[in-house]
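Trainee: The following block contains the structure, expressed as structure tokens.
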Amino acid sequence: MITFAVLLFPGFSNLCLANAVEPLRAANGLSRRPLYRWTYLGLDALPLHASSGLPVTPEMRLSEMPGADYLMVMPGYGHRQFATPETLRALRSAARRCQALVGLDTGSLLLAAAGLLDGYAATSHWDVLTEFEEGFPEVQVLRDRTVIDRDRLSCGGATTTLELMLELIARHHGPRLSLDVAALFMHGERPAMGPHLPGLTGDRVLRAAAALMRRHLEQPLPIPELARRLGVSQRGLETRCRAAAGRSPQGVYTAIRMSEALRLVQDSALSVTEIAGRVGYADASAMTRRFRAEFGATPQEIRRQQNGG
Numbered sequence: 008m009i010t011f012a013v014l015l016f017p018g019f020s021n022l023c024l025a026n027a028v029e030p031l032r033a034a035n036g037l038s039r040r041p042l043y044r045w046t047y048l049g050l051d052a053l054p055l056h057a058s059s060g061l062p063v064t065p066e067m068r069l070s071e072m073p074g075a076d077y078l079m080v081m082p083g084y085g086h087r088q089f090a091t092p093e094t095l096r097a098l099r100s101a102a103r104r105c106q107a108l109v110g111l112d113t114g115s116l117l118l119a120a121a122g123l124l125d126g127y128a129a130t131s132h133w134d135v136l137t138e139f140e141e142g143f144p145e146v147q148v149l150r151d152r153t154v155i156d157r158d159r160l161s162c163g164g165a166t167t168t169l170e171l172m173l174e175l176i177a178r179h180h181g182p183r184l185s186l187d188v189a190a191l192f193m194h195g196e197r198p199a200m201g202p203h204l205p206g207l208t209g210d211r212v213l214r215a216a217a218a219l220m221r222r223h224l225e226q227p228l229p230i231p232e233l234a235r236r237l238g239v240s241q242r243g244l245e246t247r248c249r250a251a252a253g254r255s256p257q258g259v260y261t262a263i264r265m266s267e268a269l270r271l272v273q274d275s276a277l278s279v280t281e282i283a284g285r286v287g288y289a290d291a292s293a294m295t296r297r298f299r300a301e302f303g304a305t306p307q308e309i310r311r312q313q314n315g316g
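Spelled out as structure tokens, the structure:
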């Protein structure tokens, strides 16, 4: 299990927080396994209020955290007032117990103030990028939406936090799960502006292809027609899919159709025949064979497990 320690400060962005932990929650749910665990931290144990007033009570103090794979720092716009000697010492101490550090929104500036980004590339919210560049010459400040430089990760705000988390899920558990989580939040139907992450979440054509596939489940598009609508060659689409997802375009399409079939098996009372039709199979037996190959169980077995049978 991969662990995240989420360090909050007064005035944190609850949208940023949701975009950090909801993809992890979704990944756990879609995989039906506890892939991720997260803990809320504060400098003390007192309740913290987001900029919108949402209260969150930390589960433990930063000093009590035994360790985590990722320490996520989320100060909101109050990063300057929080950069006290005591806080920076606490961050340096906690960093030694974590495998990687993540600056969300203005969190990069707080990490930089603690000397934890020296020699690294990083980004932050565009409102503070000039301050970041001028105040911390030891950091290579990039005007990108997200930056992953070895064991230091950063992004520019609430929306880019979701992009960063999708990239992490893809790296940890493969692009298919990342695609499924993105689809759950209707992310990627239209390309975002500006620079993108490498790989799955950064490939505009692949995101558009996945969106087209999801819109044509009952009557799947032939791959040549899919490529034509995307304005790329069939060979080019094949190359992109293999590089980003490790599957052919048809394989990506099948994975998306099977993910929808699994959702319908778990969340509806539709018959297997009806589900097969919803995901483009005229033959329910063929759909069941593909479903078993994808998930290791038939739709009927999944439903029996879900119902405790």
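The number in this note's numbering is simply the position in the sequence shown, starting from 1, with 7 added.
Ideal Cβ positions, reconstructed from N, Cα and C, are used throughout, including at glycine.
In this text, all values refer to a predicted model and were calculated from it rather than measured experimentally.
So for His132, helix, strand or coil by DSSP?
Mentor: In this structure, His132 counts as coil in the three-state DSSP scheme.
Trainee: Once the 5 residues before and after Cys248 are set aside, which same chain residues still bring their CB inside 7 Å of it?
Mentor: Leu213, Arg254, Ser255, Pro256, Val259
Trainee: How is Tyr77 classed by DSSP in three states: helix, strand or coil?
Mentor: In the structure shown, Tyr77 sits in a strand (DSSP, three-state: E or B).
Trainee: From the DSSP output, in three-state form, read off Pro205 for me.
Mentor: At Pro205, the pLDDT of 34 sits below 50, so the modelled position is not reliable; the number obtained from the coordinates is stated separately. Reduced to three states, the DSSP call for Pro205 is coil.
Trainee: Here's the rule: buried if 16 or more other CB atoms are within 10 angstroms of the residue's CB, otherwise exposed. What is Arg159?
Mentor: buried
Trainee: What does DSSP give as the partner residue(s) for His56 in the beta ladder?
Mentor: Its beta-bridge partners are Pro62.
Trainee: What's the gap between the Cα of Arg183 and the Cα of Gly36?
Mentor: 14 Å
Trainee: Taking all protein chains shown into account, do 16 or more other C-beta atoms lie within 10 angstroms of the C-beta of Asn314, making it buried, or fewer, making it exposed?
Mentor: exposed
Trainee: Rounded to a whole number of angstroms, what is the C-alpha to C-alpha distance between Arg297 and Thr261?
Mentor: 9 Å
Trainee: So what does DSSP say about Leu124, is it helix, strand or coil?
Mentor: coil
Trainee: Given this structure, state the Cα-to-Cα distance separating Arg242 from Leu171, to the nearest angstrom.
Mentor: 29 Å
Trainee: Beta carbon of Thr280, beta carbon of Ala291: below 8 Å?
Mentor: yes
Trainee: According to DSSP, simplified to helix, strand and coil, what is Phe139?
Mentor: helix
Trainee: Mapping the DSSP letters down to three states, classify Arg197 as helix, strand or coil.
Mentor: The predicted model places Arg197 with a pLDDT of 38, which falls under 50 and marks its position as unreliable, so this point remains unresolved.
Trainee: What is the DSSP secondary structure of Ala283, counted as helix, strand or coil?
Mentor: helix
Trainee: Does the segment 149-167 come close enough to the segment 126-141 that 3 or more CB-CB pairs lie under 8 Å?
Mentor: yes
Trainee: Tell me whether Asp112 is buried or exposed, calling it buried when 16 or more other Cβ atoms sit within 10 Å of its Cβ.
Mentor: buried
Trainee: Alpha helix (DSSP H) containing Ala242: first to last residue?
Mentor: According to the sequence shown, residue 242 is Arg rather than Ala. Its alpha helix (DSSP H) spans residues 241-252.
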